[in-house]
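Presented below is the structure to which this report refers.
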């Protein structure tokens with residue numbers, strides 16, 4: 027996961043896609059774990075200490091939420 031976040035962030039940075047708002051969000055989260063930009067949207071995704079990240083984002087005035095990652099992969103539900 028950290029590799030994905032580092033590579034995605036590097037790509038977004040090199041391509042000039044990171045807006046000021048996204049840059050501020052990532053700066054708030056960076057001390058607590060790796061972050062990257064969602065490629066189609068003005069938002070970030072991250073891994074690490076989510077409680078600390080949430081507190082930092084609240085303090086910076088950003089709306090945030092968490093989501094769970096499905097570790098089982100793609101499957102068909104009958």
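In this note's numbering, the protein residues as written are 27 to 104. The C-beta atom is built at its ideal place from N, Cα and C for all residues, glycine as well.
Point to revise | Residues near residue 52 by beta carbon distance below 7 Å, same chain, minus five either side | key: As a position in the chain shown, residue 52 is number 26, starting the count at 1. Closer than 7 Å at the Cβ level, and outside the excluded window around residue 52, lie 61 and 70.
Exercise for review: Assuming residue 65 and residue 72 form a contact by the criterion Cβ under 8 Å, report the distance between their Cβ atoms to the nearest whole angstrom.
Suggested key: Position 39 of the chain shown holds residue 65. Position 46 of the chain shown holds residue 72. That belief does not hold up - the Cβ atoms of residue 65 and residue 72 are roughly 15 Å apart, past 8 Å.
Check your understanding: From residue 119 to residue 104, what distance separates their C-alpha atoms?
Key -> Residue 119 lies beyond the range of the chain shown here (27 to 104); nothing can be said about it.
Practice item. Could you tell me the boundaries of the beta strand (DSSP E) in which residue 72 lies? Key: One-based indexing of the chain shown puts residue 72 at position 46. For residue 72, the enclosing beta strand (DSSP E) has its first and last residue at 70 to 72.
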